[in-house]
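Protein chains in written order, with the numbering used here: chain G, 1412 to 2335; chain S, 6 to 101. Beta carbons: idealized from backbone N, C-alpha and C, even for Gly.
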Amino acid sequence: MSLKSPPPGDSDGDEISVVIRALRTADLRLEELTSGEVDTISDREGRSFVLQRAQSQLRAAEAAKLAAIINALPAYIAVLDAAGRVLSTNEMWERLTAGNALHGPAYGVGNNYLEKCDEARGPDTLEAYRAASGIRSVLSGVQDRFSMQYPCDLPSGRHWFLLTATPLGADHPRGAVIMHVDITDQKHSEAALRRFAAAMDATADALFLVDRSSMRYIHVNEAACRIQAQTRTGLLASSPARVLGVSEKELAETYDRLIRSGVDAGPVEIPRRRSDGSTGCFELRRHAHPSGDSWTIVSILRDVTDRKEAETRIGQLNRVHAMLSGINALIVRVRDRDELFSEACRIATDEGGFKMMWIGLVDPARQKIVPMASVGVRKEFMEEIRDNFTLQEGTVGGPTMTARAVREAKPCVANNLEIGADVLFRKEHLAAGIRSMAVLPLIIAGTVVGVVALYAYEIEFFHSGEMKLLSGLTGDIAFAIDHIEKQERLDYLAYYDVLTGLANRALFLERTAQYIRGAASGRRKLALFLIDLERFKNINDSLGRAAGDLLLKQVAAWLTQVVGDANILARVDADHFGIVLPDLKSVRDVMRLLKKTMLAFLSHPFKLNDAVFRIAAKVGVAMFPDDGTDADTLFRHAESALKRAKLSGDKYLFYSQNMSELVAGRLTLENQLRLALERKEFALFYQPKMNLVSGEITGAEALLRWNDPATGLVSPNRIIPILEETGLMHDVGRWALNEAVDTHRRWRLVGLKSVCIAVNVSAMQLRNRGFVAEIRQAIGDDPVTAAGLELEITESLIMEDIRASIGSLRAIRALGVRIAIDDFGTGFSSLSYLARLPVHTLKIDRSFVIGMGAGPQGLALVSTIINLAHSMNMNVVAEGVETEEQARLLRLLNCDEIQGYWFGHPVPSDVFEAKYLGTTALRE
Amino acid sequence: MTRRSIYKFRLYVADDTMNSAQAAANLQTLCKTRLAGRYEIEVVDVFKEPQRAILEGIRMTPTLLRLAPLPIRRIIGTLVDTQRVLETLGLDTKVL
């Protein structure tokens, strides 16, 4: 670039030429002359003379550019001189610290690269020799380029390098550039590519890679070649359009649609010939993949024939399973054979997806099948079976499947009706869409009792898996038939005591549970009794088991009678009976039954071998809900109560102590009342009745009192319900009647004013057929005595059974005894009946007398009752008069008589005599 | 000269040597500030086109020619003395 010789001067640039000439050797001077603002000066030939400063700047810039380029290259670069010495290296070369045989710090500037290679030892020796000889051939001009690949194990793993040696210029001895490029990634992708191809070949799916622009195969795998029955070369040479048998345009459009849609196509199932010639089911997916400017279409073809078949099989097995579970549930539930058959057929078609099913039973006498149930079967087919089918051999049409199934006691299958022969109505079945069928025998205890015939839409339906399930099913159906036949007997055995015919423990508990549900919903109580026959074991031991059984039968029959309802009674154990009392209104109900059974046991004679036995019983009682809320708990608690009763002297015990005490208290009272009659502890008190007009004492009401030796007088409210319940009222009532009659007689005899005595009549007495006779006996056909007696009967008692009441009252009246309606207004009297009642007196209930003071309505009510009674010729007595005001009002209302504390409390007969009968009209 | 007249310059440089590069930069700045929108600059590298430089009588770089408006003016150097350059090119503030 610099000039060697000075140019000759010219007119334009003389001074410059001079300057150049003058300063050729002194750059600095030139710089000064141009104030340092000029870079070059040219001679007249155009040759530029670059001033030194610009020159060095240019060189530096050039070198910097080159260095930048070389440093920016992703390679290890060194410049060697002709001898192989390293002249310069790029930054990467210098940076490499780990080093290896062929480049690195050991090969720095100044070292001879070739010598270093020659000296290399170790695993890389061979590569180093190869490199050295290659580079030498370049330096010596034998080759104008050398390259080799070599591996190098770096800390980050194995790397691959490409070494190239390029001469520095055309004149070889000047040197060479050597460059190491890391080609590991490239190597990896090559390996990946090879692996990918291998993987593609290994997969069973056929893969076709098609280039959209050329519409040619890029790659096909082995499976693709296999499916197409072509070599890879052959297939690659062909085109997808030709292989698929479509036009290229058509296929290109398909590909373009796929590319546009942006999603993968498929899977689409398509039928195709398989390599073995059979037709199979294939699944095709397509995927478009961008590849440079074009698209690669990846088509994947998978043979899913086996999978489809497996799916079908699983589907079929599932259907059979569904049918099985349906029918098994049916078997558990069903109690009727016809229902079993028809429901089973329905389930087979609904759940099992069978076209039809029928069940027939074998009639061994006629060698026929009796169709029992069918679903989906045409009528004429079933008629044919019923009328013309026979199990005998050698009949028209040959041995049918059904006949074979019965004879061989084995399932018979026709898996393809298109080629089956021994099937009745084969053509009709085919027309109905049936392709396979099976007939399975129903076997009970080794005997074929019937057949189940199943018809499927599918060809080849009845494979071993299905048949295994179906055989199990027919086994279950056969068992169910057998079971249903035995069911009634089993039911009986399961729930009844064979000896006594009573419910057994299981049924008793079941019924109790049922009663508990009822009691719980009605918030009622319930009692469970367990009765133990006390001497039963002795009888069994001494008289023998047969006698024991006989006794148990008698007890069972007798208990049924006592309890009145066999449904609440059970024999729960060898010598234990159970009674459940549902719907208790009060403890009294429990009491009543307890007393009844205990007494009944004691008094009832059982006969064994012409001898009479009396049997004592012990009872354990548990109450719902107090002692338990379920049948088992109640039963257990009754058992434990019974156990305690057996150990103790008690005849019975409740599970809860309180209950036992409560009952015991009541029973004590009962016993005391029973004794009270004998001990003459009952007494009659008399309360006076006064005529409102005359102010005279006109009568007395006899009221029962019990003089308890321990506690004194006991209120009638406490004892009367017990007397009624226990039936003691019969005796006490009779005593009261006689006592009253006697009193009246005595008054007459001693010359006292013989006022009429009213005696209360209880329900029990009124209903007693012998009541009228009792009265007659008491008055002893004495009309005077009869006239001195009045019977007070409550309105509600009369109305309970009005017809019976009228009869009894008439008979009583016929005796000359007066009758009063007590507590009038508290019952629901019908006026029409009231008029017909043979009654003398009407007693207004105390509540109306109290109500009189409350207002005009109360007064009007009493006035109405009085007028009503008078209109029917009845005498009116107002009860419960306690004040003078009440007496005054009643007088105003024309009431005939009054009774009440205002003028007279109930008092013993001697007090009454002294107070009211000694003189006339006496007031307190 | 009118305000509309287009200024045409031709700058002769020697690659990107220091003074040439400075001259080019100074010319650019000057044109942008004083002649926005009405100037054209042609750069000639004497290394690349030595014959052209000779034919056009250029013997030193950097050299700037004002080709239009006429007459042609010539300045050698880095164009660092702005006032002198403006005067030489007829672009002093008074005129503008």
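According to the Cβ coordinates, are residue i and residue j closer than 9 angstroms?
| i | j | result |
| --- | --- | --- |
| tyrosine 2066 (chain G) | alanine 2042 (chain G) | no |
| methionine 1590 (chain G) | isoleucine 1488 (chain G) | yes |
| methionine 1767 (chain G) | alanine 1843 (chain G) | yes |
| alanine 2028 (chain G) | alanine 1981 (chain G) | no |
| glutamate 1877 (chain G) | asparagine 1827 (chain G) | no |
| glycine 1861 (chain G) | isoleucine 1770 (chain G) | yes |
| leucine 96 (chain S) | leucine 16 (chain S) | no |
| valine 2143 (chain G) | phenylalanine 2182 (chain G) | no |
| valine 1731 (chain G) | alanine 1891 (chain G) | no |
| phenylalanine 2035 (chain G) | glycine 1989 (chain G) | no |
| threonine 2166 (chain G) | tyrosine 2327 (chain G) | According to the sequence as given, residue 2166 (chain G) is valine; it is not threonine. Yes, the Cβ-Cβ distance between valine 2166 (chain G) and tyrosine 2327 (chain G) is below 9 angstroms. |
| arginine 1837 (chain G) | tyrosine 1868 (chain G) | no |
| valine 2287 (chain G) | histidine 2281 (chain G) | yes |
| glutamine 2098 (chain G) | valine 2292 (chain G) | no |
| serine 1702 (chain G) | aspartate 1596 (chain G) | no |
| alanine 1360 (chain G) | glutamine 2310 (chain G) | The structure shown does not extend to residue 1360 (chain G), since chain G spans only 1412 to 2335, so no value can be given for it. |
| glycine 1737 (chain G) | isoleucine 1758 (chain G) | yes |
| threonine 83 (chain S) | threonine 1451 (chain G) | no |
Leaving aside the five residues before and after residue i along the sequence, list all residues of the same chain whose C-beta is less than 6 angstroms from its C-beta, in chain order.
| i | result |
| --- | --- |
| alanine 1617 (chain G) | Ala1634, Ala1635, Ile1638 and Leu1712 |
| methionine 1793 (chain G) | Pro1782 and Ser1785 |
| asparagine 2127 (chain G) | One point to set straight first is that residue 2127 (chain G) is proline, not asparagine, in the sequence displayed. Around proline 2127 (chain G): Leu2115. |
| lysine 1415 (chain G) | Low confidence applies to lysine 1415 (chain G): its pLDDT is 38, below 50, so where it sits in the model is not reliable, and the reading given next is rough at best. Counting only Cβ-Cβ distances below 6 angstroms, and skipping sequence neighbours, we find nothing. |
| valine 1807 (chain G) | Confidence at valine 1807 (chain G) is low in this model, with a pLDDT of 45, below 50, so the placement of that residue is unreliable and no value is reported for it. |
| serine 1710 (chain G) | Phe1619 and Arg1697 |
| alanine 1814 (chain G) | Leu1802 |
| serine 1422 (chain G) | No answer about serine 1422 (chain G) holds up, because its pLDDT of 45 lies below 50 and its placement is not dependable. |
| leucine 2253 (chain G) | Ile2232, Phe2235, Ala2280, Met2285 and Val2287 |
| glutamate 1819 (chain G) | none |
| tryptophan 2158 (chain G) | Ser2165 |
Can you name the residues of chain G whose CB is closer than 7 angstroms to the CB of residue i?
| i | result |
| --- | --- |
| aspartate 50 (chain S) | None at all; the shortest Cβ gap to chain G is about 10 angstroms. |
| alanine 19 (chain S) | Asp1450, Thr1451, Ser1459, Val1461 and Ala1465 |
Can you pull the chain G residues whose beta carbon is under 8 angstroms from the beta carbon of residue i, in chain order?
| i | result |
| --- | --- |
| asparagine 24 (chain S) | Gly1447, Glu1448, Val1449, Asp1450 and Ala1465 |
At 7 angstroms on the CB atoms, spell out the chain S contacts of residue i, in chain order.
| i | result |
| --- | --- |
| leucine 1469 (chain G) | Asp20 and Thr22 |
So the beta strand (DSSP E) residue i belongs to, where does it begin and stop?
| i | result |
| --- | --- |
| glycine 1787 (chain G) | Looking at the DSSP string, glycine 1787 (chain G) is not in any beta strand (DSSP E), and its letter there is neither H nor E. |
| aspartate 1564 (chain G) | 1557 to 1565 |
| lysine 1936 (chain G) | 1936 to 1944 |
| serine 2067 (chain G) | Here serine 2067 (chain G) belongs to no beta strand (DSSP E), and DSSP marks it neither H nor E. |
| methionine 1626 (chain G) | Taken as a continuous stretch (DSSP letters only), methionine 1626 (chain G) belongs to no beta strand (DSSP E), as it is neither H nor E. |
| alanine 2113 (chain G) | 2108 to 2119 |
| glutamine 1554 (chain G) | No beta strand (DSSP E) contains glutamine 1554 (chain G), which DSSP labels as neither H nor E. |
Specify, as a first and last residue, the run of the alpha helix (DSSP H) that residue i falls within.
| i | result |
| --- | --- |
| histidine 1599 (chain G) | 1595 to 1613 |
| arginine 1724 (chain G) | 1716 to 1744 |
| phenylalanine 2359 (chain G) | The structure shown does not extend to residue 2359 (chain G), since chain G spans only 1412 to 2335, so no value can be given for it. |
| tryptophan 2313 (chain G) | Tryptophan 2313 (chain G) -> no alpha helix (DSSP H), and no H or E assigned at all. |
| cysteine 1636 (chain G) | 1633 to 1639 |
| phenylalanine 2323 (chain G) | 2320 to 2323 |
| glycine 1645 (chain G) | 1643 to 1648 |
Which residues in the same chain as residue i place their Cβ atom closer than 8 angstroms to its Cβ, once the five residues preceding and following it in sequence are excluded?
| i | result |
| --- | --- |
| serine 1499 (chain G) | Ala1489, Val1490 and Val1520 |
| glycine 1912 (chain G) | Ala1967 |
| glycine 14 (chain S) | Before going on, a small fix: residue 14 (chain S) reads as phenylalanine here, not glycine. Same-chain partners within the cutoff: Leu32, Cys36, Tyr44, Glu45, Ile46, Glu47, Leu69, Leu70, Arg71 and Leu72. |
| isoleucine 2133 (chain G) | Arg2077, Leu2080, Glu2081, Leu2084 and Leu2139 |
| glutamate 2308 (chain G) | Lys2100, Met2101, Asn2102, Leu2103, Thr2109, Gly2110, Asn2286, Val2287, Val2288 and Ala2289 |
| asparagine 2149 (chain G) | Ala2189 |
| histidine 2304 (chain G) | Checking the sequence shown, residue 2304 (chain G) turns out to be leucine, not histidine. Correct list, in chain order: Leu2270, Val2273, Ser2274 and Ile2277. |
Cutting at 7 angstroms between CB atoms, please list the residues of its own chain near residue i, excluding the five before and the five after it.
| i | result |
| --- | --- |
| threonine 93 (chain S) | Arg78 and Ile80 |
| arginine 2156 (chain G) | Thr2196 |
Residues within the segment 1471 to 1499 of chain G neighbouring chain S, beta-carbon criterion of under 9 angstroms: Going along the segment 1471 to 1499 of chain G in chain order, one finds Ala1472 with a Cβ nearer than 9 angstroms to chain S.
Within 7 angstroms of chain G by C-beta, residues of the segment 73 to 84 of chain S in sequence order: Those residues of the segment 73 to 84 of chain S that come within reach of chain G (Cβ to Cβ, closer than 7 angstroms) are Ile81, Gly82 and Thr83.
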